[in-house]
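Residue numbers (my numbering), protein chains in the order written: chain C, 3 to 99; chain H, 1195 to 1337; chain W, 853 to 938; chain Y, 1083 to 1313. In this text, a Cβ means the ideal position worked out from N, Cα and C, and glycines have one as well. Worksheet for the structure shown next.
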Amino acid sequence: MYWITVLVVAVMVLSALAVLLLPNLLAAVAASSVVSLALSVVFVIVRAPDVAMTEAAVGAGLSGVILVLALRRLGLWGLGDDNRPQPERFSGTGDDA
Amino acid sequence: MSLPPLEIVLYAGAVSLLIIGLAGLVMSEHLVRLVLALGVAEAGGNLLLVLTGFRQGAVAPILLGAAPSGPMVDPIPQALVLTAIVIGVGVQALALALVLRVRRAYGTVHMSALRARLVEDLDEAAGLPPEGSREAPGVERPV
Amino acid sequence: MNAVEIAAAVLLCAAVALGLVRLVIGPTNPDRFVSADLLSVVTTVSLAGLAAVFDSPLYLDVAMIYGVLSFVGTVALARVVEGNRS
Amino acid sequence: MRNFTSLLFAGGLGFFLLVLAADLPLGAPPMLAGQGVLAEGAAATGAANLVTAVVLAYRGIDTLGELSILFAAAAGVGLVLGRARRRPDAEADPEGGFILLAAADLLFPLLVIVGLYIVLHGHLTPGGGFQGGVVLAAAFFLPLLGRPRNALDHAVIGWIEGLAGAVFVGIGLWALAARGEFLAPLLGKGTLGALFSAGTLPLLYIAVGLKVGAEIAGLMSTLQETEAAGS
């Protein structure tokens, strides 16, 4: 049990670092869903099934959907490695993406 | 070498989530990544709260059958965190809507560009000539 | 924990490690989404396994919610990638 | 430079928190309030799930405040994004493939049943209005992912939301009239662990589930619809 806990916490912290460090925003969203999934396992380990269930529902379904819909609406796809410049609809910026 | 107890491991995980989230809040350049970092910090805070009620060998605060078998963990932090998580989603959605709105108004979601635009707007509102902010963008202007 | 549970835990840990590697280094976005989906399936299984280890049926509800809702999240991600490509 | 100071700040805060950990009573017995809830919560409220007892019976008014915060967030999203401006010539998303459409049709009843189970058994097993509401919202949002041309009727969502909130407040006022306390537990406690037990707590959780589900479904629907119209 001890080593499982250590591993889950390590996965959680590593993916939290990945959220900040991954250059691609969609990958960061995937990493943040991994954070909340590991967090839900941690909540089960600390005997909080209610909280684990809320975190599972929110992290697995809701938060990812909201983030992805917002990102899609932003249209900022590339932001990093596989960058593909989007046509800019706004005048006078040029500093974007 | 003696291993740290389980509580210390969990506590360290919660604190490092909190720290990573806060560092991301301060350092992130893109507004959506700022929202993500806020979520990470919030997760750390929630875990910290739940950990205050945890003790080893206790069971979940849910009665199965008549008598509880052994000690139970504290239900009050769990109830607090339950509501905190749901509120966190609302906050996240509202923050993303505001990011979309900022994008619509300013055409950018990058912090540095946004800051330059805000300084320009402030200068314009204060009646200062706009050249100053363009020539020396790093200089703080009296607001 | 008996031997079966320890073996299951080791296998699940290996699956998590492999999925995490693909999540971080995945060259393209679909790789990362597939690895996130894999990790959520592994999480569902390990939640069910934790219910067995704790010898309590309460935790099975959590696994059920996770299994049902991770599909929705994955579908949303997949739809976005699809809409991006077209 | 700025990154350096930020990292310094984060590191200092981490050190502070870790030092604080040395004095924390980790693993100690619960606080006095927690001990009280553990000792008497089940007998006082009739709920087998003590977290539900805390959320709805001991801190019911907090839950009401939380619902209003969620309502404010959902309303704020609608307000900030504006109404869905779907241009008639706007190129809508293509429909989903066969797998997505078939899975959405098959999963919809399953998700609704799971959500209702989670809401209705909130006082017995882990779960309750918040989690079940999220599942219900996902159930109603999944078909929209497959068929982006359809849309949820925001008037119906608003009615469900308002009705559920009114039911929650109404039960609270009824308790105020009958027992002299807002949201005090009413009705018979029943036998511990039965479906019809714990007095008004399941009714309150049904109201919470409908309200949360309607709000979150409306929120996701708003995000998707306005997205289709372009920014």
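Grab the span of the alpha helix (DSSP H) containing residue i for me, first residue to last.
i, result
"Y/Ile1242", "1236-1261"
"C/Pro51", "51-58"
"H/Asn1240", "1225-1245"
"Y/Gly1204", "First-last for Y/Gly1204: undefined, no H or E at that position."
"H/Gly1218", "1200-1221"
"Y/Tyr1140", "Counting along the chain, Y/Tyr1140 falls outside any alpha helix (DSSP H), and DSSP gives it neither H nor E."
"H/Leu1316", "1305-1320"
"Y/Arg1229", "From DSSP, Y/Arg1229 is part of no alpha helix (DSSP H); its letter is neither H nor E."
"H/Tyr1300", "1269-1300"
"C/Ile47", "27-47"
"W/Gly901", "881-906"
"Y/Gly1116", "1114-1127"
"C/Ala72", "65-76"
"C/Val8", "4-23"
"W/Ala869", "855-877"
State yes or no: is the C-beta of residue i within less than 8 angstroms of the C-beta of residue j?
i, j, result
"Y/Gly1211", "Y/Tyr1287", "yes"
"Y/Ala1130", "Y/Val1119", "no"
"H/Val1234", "C/Val37", "yes"
"C/Leu76", "H/Leu1294", "yes"
"C/Arg49", "H/Ala1208", "no"
"Y/Val1101", "H/Val1280", "no"
"C/Val44", "H/Leu1241", "yes"
"C/Leu64", "H/Val1229", "no"
"H/Leu1216", "Y/Leu1152", "no"
"Y/Val1251", "H/Ala1291", "no"
"C/Leu24", "C/Ala18", "no"
"W/Val905", "W/Glu857", "yes"
"W/Val876", "C/Ala20", "yes"
"W/Ser922", "C/Ala62", "yes"
"C/Leu16", "W/Leu872", "yes"
"H/Ala1231", "H/Gly1239", "no"
Within 10 Å of its beta-carbon, does residue i have 16 or more other beta-carbons around it, so buried, or fewer, so exposed?
i, result
"Y/Asn1232", "exposed"
"W/Asp907", "exposed"
"H/Glu1223", "exposed"
"Y/Glu1243", "buried"
"Y/Asp1171", "Only weak support exists for where Y/Asp1171 lies, its pLDDT of 46 falling under 50; the coordinates are left without a value."
"W/Ala930", "buried"
"C/Pro87", "At C/Pro87, the pLDDT of 40 sits below 50, so the modelled position is not reliable; the number obtained from the coordinates is stated separately. Exposed, by the Cβ-count rule."
"W/Gly901", "buried"
"Y/Pro1208", "buried"
"W/Asp913", "buried"
"Y/Asn1085", "exposed"
"Y/Ala1184", "exposed"
"Y/Thr1087", "exposed"
"Y/Gln1306", "buried"
"H/Pro1198", "exposed"
"C/Met14", "buried"
"C/Arg74", "buried"
"Y/Ser1303", "buried"
"C/Ile6", "buried"
"H/Arg1297", "buried"
"H/Arg1249", "buried"
"Y/Val1238", "exposed"
"Y/Ala1248", "exposed"
"Y/Gly1090", "According to the sequence provided, residue 1090 of chain Y is Leu. The question's Gly does not apply to it. Looking at its Cβ environment, which holds fewer than 16 other Cβ atoms inside 10 Å, Y/Leu1090 is exposed."
"W/Asn854", "exposed"
"Y/Phe1147", "Per the sequence shown, residue 1147 of chain Y should be read as Gly rather than Phe. Flag for Y/Gly1147 reads exposed."
"H/Arg1309", "exposed"
Just tell me which of the options has its CA closest to the CA of residue i.
i, options, result
"W/Ala915", "C/Gly63, C/Leu71, C/Ala58", "C/Ala58"
"Y/Thr1314", "Y/Pro1230, Y/Gly1247, Y/Gly1179, Y/Thr1282", "Residue 1314 of chain Y cannot be examined here, being either before or after the span of chain Y that is shown, 1083 to 1313."
"W/Asp889", "W/Arg931, W/Ile877, W/Gly925, W/Gly901", "W/Gly925"
"Y/Ala1186", "W/Val932, W/Val920, W/Val933", "W/Val920"
"H/Met1266", "Y/Leu1149, Y/Glu1122, Y/Leu1095, Y/Phe1098", "Y/Glu1122"
"H/Val1226", "H/Ala1310, H/Arg1311, H/Ala1287, H/Ala1319", "H/Ala1287"
"C/Val11", "C/Thr56, C/Val60, C/Pro51, C/Leu39", "C/Leu39"
"Y/Val1290", "Y/Ser1150, Y/Met1113, Y/Ala1092", "Y/Ser1150"
"Y/Phe1180", "Y/Leu1218, Y/Tyr1199, Y/Gly1228, Y/Glu1148", "Y/Gly1228"
"C/Ser42", "W/Val862, W/Tyr918, W/Asn854", "W/Tyr918"
"C/Val67", "Y/Ile1200, Y/Ala1219, Y/Ala1124, Y/Leu1202", "Y/Ala1219"
"Y/Asp1105", "H/Gly1239, H/Thr1246, H/Ile1213, H/Gly1218", "H/Thr1246"
"Y/Leu1189", "Y/Ala1156, Y/Ala1221, Y/Ile1200, Y/Gln1213", "Y/Ala1221"
"H/Asp1268", "Y/Val1133, Y/Gly1142, Y/Gly1160", "Y/Val1133"
"Y/Asp1235", "Y/His1203, Y/Leu1301, Y/Ala1248, Y/Val1196", "Y/Leu1301"
"C/Val60", "Y/Ala1296, Y/Gly1214, Y/Trp1256", "Y/Gly1214"
Regarding residue i and the ligand GTP, is the C-beta to nearest heavy atom distance less than 7 angstroms?
i, result
"Y/Leu1258", "With respect to the ligand GTP, the structure offers nothing, as it holds no ligand at all."
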